[in-house]
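Peer 1: Once you've had a glance at the structure underneath, I'll fire off some questions.
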Amino acid sequence: MDDKPVKKFVICGAGPTAFGALHRLHQILSNDILRNDLPFVPSILILEKEDVVGGLARSVTDENGFVFDLGVHVVSESKYPVFIDAMHDAIEEWNVVLRNVKADFHHIIGKERRIDSYIPYPVQENIMYFPDDIKNKCINELKELENNTKVCQNFGDFIENHFGETLKEIFFKPYNEKVWTLKLQEMSNEWVYGRVPKIKINKLVNPSNVKTNDKNRNMMTFRYPSGCKGVGNVWTKIGEKYPKEYFRMLCEVLEIDPILKTIDVINKSTKKKSKLEYDYFISTMPITLLGKMTSLAPSINLKHSKVILVGYGLTTPQNKFSKSHSWLYFSSPDIIFYRATLISNFSIDLTPDYKKYWSVLCEIGLKADEEDNEKEIMEKTLKDLRSCGLVDELNKVVSKFYMVLQYGYPIPTLERNNELQKAHLIFEKHDIYSRGRFGSWKYEASNQDTAFTQGYEVIDKILYGKEETLI
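Sequential numbering of the sequence shown, starting at 992, is according to my numbering.
Set out below in structure tokens:
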């Protein structure tokens, strides 16, 4: 029996980051050698304000049996083995789904049939689909940029230096400002460096070669969990592998005292308040809220957007165009959503009866303080789905889904890195570690695999002093 002191690890939130931390702690506790090497025994407590695990990666089944993923995008392949191992341990069978993604270019192509105005994604590799005058302008600009060594000051500069003025104006600027809800000049370019290679002119896709190229270039596959009610079900299954006493559900954090190392919480069901102690606190709440809740950094200068998720459950038949695509991008300000995901194409388990119904999920970006009108947004979304060729008039709406994610995207502003560096130094002096999509506030490390890995790595930092790779 261990006679070492116990150190309390309290984790706020039960999303991918929390599960990464839990996975590593449990791994150490389950290994005699690793456990005995520690000068103390870690105890684990996860506080989750919802009644289900998953956080922003959870899924919602509506009252009519349609399933919508809050994270929307799929648990695909990852370069992080620890994440892949956790996925495989939880889910034995995966659907292999054809990846077919396009962007709407009706504003420059303008074919009579709207569905003929989409081009394969990524856009920059498929400019040969553009009308000749625009295509030639793009190619000439790209040639001029081949030896360009100009230093970028912001995200707008980066796009122009990589893709040229024309591509910037017809797609990248309107699309990114629609998603980020901020002018590109107000965003840093550091987060995207090394992630987007310059275009090789000789590698551009020629439409005449589409029949031979499409399967290799634009219709790769991705994995989606089979027999699950959405990606969120994966996290539920992962959670079931751990002792129930690790989790305290419907438990909301109210205040944190970093000097006394106490946390004031409330049970959302009973409304009973209580006080907990911690030795190490791993927070996945937005770092800006953590700053206020601890009073350590009440005014961290960061920006975020909110995202409205609008889903529709529809009657079949699903038209050939929407049935053959995974998701589609929309840069035009006339279309309310920036992305539409044909989510029921991923699995037969996401509708009450896949022979009778199908579904689509749209994402709409708003500024953090912008008001939303549910009725107007729902009506406009359906109207745009029809005008874009995804939904036909004969498709009857049988279910509607509407959810506001108050924290949708952590925006990489010009000040972000300096603000984060200062905040982390302050928190970590008090054994508080802010990690995750909004805990680290790094969009480039906010997918489910990187969030999980952040949680895993922060435990090794605390216990062994190992350097993290994602912070």
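Yeah, the Cβ is synthetic: ideal placement off N, Cα and C, and Gly gets one too.
For residue 1206, which residues in the same chain have their Cβ closer than 8 Å to its Cβ, ignoring the five residues on either side in sequence?
Peer 2: Translated into the one-based positions of the sequence shown, residue 1206 becomes position 215. Unreliable positioning characterises residue 1206 in this predicted model, as indicated by a pLDDT of 44, which lies under 50. A coordinate reading is not provided.
Peer 1: Please report the distance separating the alpha-carbon of residue 1329 from that of residue 1352.
Peer 2: Counting from 1 along the sequence shown, the entry for residue 1329 is found at position 338. Counting from 1 along the sequence shown, the entry for residue 1352 is found at position 361. If you take the alpha carbons of residue 1329 and residue 1352, they lie about 11 Å apart.
Peer 1: Roughly how many whole angstroms lie between the Cα atoms of residue 1082 and residue 1132?
Peer 2: As a first step, residue 1082 must be located in the sequence shown, where it is residue number 91. As a first step, residue 1132 must be located in the sequence shown, where it is residue number 141. Answer to the nearest angstrom: the Cα atoms are 47 Å apart.
Peer 1: Straight-line CA distance for residue 1202 to residue 1215?
Peer 2: Reading the sequence shown from its first residue, position 211 is the one you call residue 1202. Reading the sequence shown from its first residue, position 224 is the one you call residue 1215. Low confidence applies here, because residue 1202 scores a pLDDT of 47, under 50, leaving its location unreliable; read the following figure in that light. Taking the straight line from one Cα to the other gives about 26 Å.
Peer 1: What residue does the beta strand (DSSP E) around residue 1463 start on, and which one ends it?
Peer 2: The structure shown does not extend to residue 1463, since the chain is modelled only from 992 through 1462, so no value can be given for it.
Peer 1: Measure from the alpha carbon of residue 1316 to the alpha carbon of each residue in 1090, 1104, 1061, 1026, then state which is nearest.
Peer 2: As a working mapping, residue 1316 is identified with position 325 in the sequence shown. Comparing Cα-Cα distances from residue 1316 to each of 1090, 1104, 1061, 1026, the minimum goes to 1090.
Peer 1: Kindly indicate which residue of 1380, 1058, 1358 has the alpha-carbon position closest to the one of residue 1218.
Peer 2: On the sequence shown, position 227 is the one that residue 1218 refers to. Of 1380, 1058, 1358, the residue nearest in Cα terms is 1058.
Peer 1: Can you tell me which residues form a DSSP beta bridge with residue 1295?
Peer 2: The residue you call residue 1295 lines up with position 304 of the sequence shown. Answer by DSSP bridge pairing, in chain order: 1401.
Peer 1: Taking its Cβ as the centre, do 16 or more other Cβ atoms sit within 10 Å of residue 1285, making it buried, or is it exposed?
Peer 2: The count along the sequence shown starts at 1 and reaches residue 1285 at position 294. Flag for residue 1285 reads buried.
Peer 1: Quick one: any contact between the stretch 1289-1306 and the stretch 1342-1361, if contact means 3 or more CB pairs under 8 Å?
Peer 2: A contact exists between the stretch 1289-1306 and the stretch 1342-1361.
Peer 1: Counting C-beta neighbours from all protein chains within 10 Å, is the total for residue 1335 16 or more, i.e. buried, or is it exposed?
Peer 2: In the sequence shown, the residue the question calls residue 1335 occupies position 344. So residue 1335 ends up on the buried side.
Peer 1: Rounded to a whole number of angstroms, what is the C-alpha to C-alpha distance between residue 1004 and residue 1237?
Peer 2: Stepping through the sequence shown from its first residue, residue 1004 is reached at position 13. Stepping through the sequence shown from its first residue, residue 1237 is reached at position 246. Each residue's alpha carbon lies about 12 Å from the other.
Peer 1: State the Cα-Cα distance for the pair residue 1225 and residue 1340, rounded to the nearest angstrom.
Peer 2: On the sequence shown, position 234 is the one that residue 1225 refers to. On the sequence shown, position 349 is the one that residue 1340 refers to. Their Cα atoms are separated by approximately 13 Å.
Peer 1: Considering only residues of the same chain and omitting the five flanking positions on each side of residue 1289, which have a CB-CB separation below 7 Å?
Peer 2: The residue labelled residue 1289 in the question sits at position 298 within the sequence shown. Only 1282, 1283 meet the Cβ criterion.
Peer 1: Starting from residue 1274, follow its DSSP beta bridges and name the residues at the other end.
Peer 2: For the purposes of this step, residue 1274 is taken as residue 283 along the sequence shown, with counting starting at 1. Per DSSP, 1003, 1425.
Peer 1: Answer yes or no: do residue 1062 and residue 1047 have a C-beta to C-beta separation smaller than 9 Å?
Peer 2: Your numbering for residue 1062 matches position 71 in the sequence shown. Your numbering for residue 1047 matches position 56 in the sequence shown. Their beta carbons are under 9 Å apart, which means residue 1062 touches residue 1047 by this criterion.
Peer 1: Just to confirm my understanding: we take residue 998, look at its own chain, exclude 5 residues before and 5 after, and list those with CB closer than 6 Å. What are they?
Peer 2: Indexing the sequence shown from 1 puts residue 998 at position 7. Once the five neighbours on either side are set aside, the close Cβ partners of residue 998 are 1031, 1033, 1270.
Peer 1: Which of the three DSSP states is assigned to residue 1353 in this structure?
Peer 2: Locating residue 1353 in the sequence shown gives position 362, counting from the first residue. The answer is strand: DSSP assigns residue 1353 an E or B state.
Peer 1: With residue 1241 and residue 1258 assumed to form a contact (beta carbons below 8 Å), what rounded beta-carbon distance in angstroms separates them?
Peer 2: Walking along the sequence shown from the start, residue 1241 turns up at place 250. Walking along the sequence shown from the start, residue 1258 turns up at place 267. The pair is a contact, with the Cβ atoms about 6 Å apart (cut-off 8 Å).
Peer 1: Here's a check: name, in chain order, each residue in its chain whose Cβ is nearer than 6 Å to the Cβ of residue 1051, leaving out the five neighbours to either side.
Peer 2: Residue mapping note: residue 1051 aligns to position 60 of the sequence shown, counting from 1. Excluding positions up to five away in sequence, the list reads 1059.
Peer 1: Determine the extent of the beta strand (DSSP E) in which residue 1267 is found, giving its start and end residues.
Peer 2: The residue given as residue 1267 occupies position 276 in the sequence shown. Start and end: 1264-1268.
Peer 1: State whether the stretch 1319-1329 contacts the stretch 1365-1377, with contact taken as three or more CB pairs (one from each stretch) at a distance under 8 Å.
Peer 2: These segments touch.
Peer 1: Tell me the residue span of the beta strand (DSSP E) that contains residue 1060.
Peer 2: The residue labelled residue 1060 in the question sits at position 69 within the sequence shown. Note, residue 1060: beta strand (DSSP E), 1058-1060.
Peer 1: Please report the distance separating the alpha-carbon of residue 1055 from that of residue 1390.
Peer 2: Reading the sequence shown from its first residue, position 64 is the one you call residue 1055. Reading the sequence shown from its first residue, position 399 is the one you call residue 1390. Cα to Cα, residue 1055 sits roughly 6 Å from residue 1390.
Peer 1: Is it buried or exposed, residue 1426, if we count other Cβ atoms within 10 angstroms and call 16 or more buried?
Peer 2: Walking along the sequence shown from the start, residue 1426 turns up at place 435. Its Cβ being crowded by 16 or more others within 10 Å, residue 1426 is buried.
Peer 1: Just checking my contact of residue 1318 with residue 1305 at CB under 8 Å: how many whole Å lie between their CB atoms?
Peer 2: Translated into positions along the sequence shown, residue 1318 becomes position 327. Translated into positions along the sequence shown, residue 1305 becomes position 314. So it is not a contact: roughly 16 Å between Cβ atoms.
Peer 1: Sorted by chain position, which residues of the same chain lie with C-beta nearer than 6 Å to residue 1442's C-beta, five sequence neighbours on each side aside?
Peer 2: In the sequence shown, the residue the question calls residue 1442 occupies position 451. 1007, 1008, 1427, 1428.
Peer 1: Closest Cβ-Cβ distance between residue 1299 and chain C: below 9 Å?
Peer 2: Annotation note: the requested chain C is absent from the structure, which comprises a single protein chain.
Peer 1: Assign residue 1240 to one of three DSSP states: helix, strand, or coil.
Peer 2: In the sequence shown, counting from the first residue as 1, residue 1240 sits at position 249. Residue state, collapsed to three classes: strand.
Peer 1: Candidates 1102, 1410, 1073, 1453: which alpha carbon is nearest residue 1294's?
Peer 2: Here residue 1294 is taken as the residue at index 303 of the sequence shown, counted from 1. Comparing Cα-Cα distances from residue 1294 to each of 1102, 1410, 1073, 1453, the minimum goes to 1410.
Peer 1: From residue 1309 to residue 1228, what distance separates their C-alpha atoms?
Peer 2: Taking the sequence shown and counting its residues from 1, the one referred to as residue 1309 is at position 318. Taking the sequence shown and counting its residues from 1, the one referred to as residue 1228 is at position 237. Distance between the alpha carbons of residue 1309 and residue 1228: 31 Å.
Peer 1: Drop a sphere of 10 angstroms on the beta-carbon of residue 1423, count the other beta-carbons inside from all chains shown, and report buried for 16 or more, exposed for fewer.
Peer 2: To locate residue 1423, count along the sequence shown from 1; it is residue 432. Flag for residue 1423 reads buried.
Peer 1: Do you know whose CA, among 1011, 1432, 1094, 1010, lies nearest residue 1379's CA?
Peer 2: For the purposes of this step, residue 1379 is identified with residue 388 of the sequence shown, where counting begins at 1. With distances taken between Cα atoms, residue 1379 lies closest to 1094.
Peer 1: Taking the alpha-carbon positions, what's the residue 1177 to residue 1455 distance?
Peer 2: Mapped onto the sequence shown, residue 1177 falls at position 186. Mapped onto the sequence shown, residue 1455 falls at position 464. So the alpha carbons of these two residues sit roughly 38 Å apart.
Peer 1: Enumerated in chain order, which unbroken segments of the alpha helix (DSSP H) with a length of 4 residues or greater are wholly contained in the stretch 1093-1171?
Peer 2: Entirely contained in the stretch 1093-1171, the alpha helix (DSSP H) runs reaching 4 residues are, in chain order, 1123-1136, 1146-1158, 1164-1171.
Peer 1: Please state the DSSP three-state secondary structure of residue 1452.
Peer 2: Position 461 of the sequence shown, counting from 1, holds the residue named residue 1452. Helix at residue 1452.
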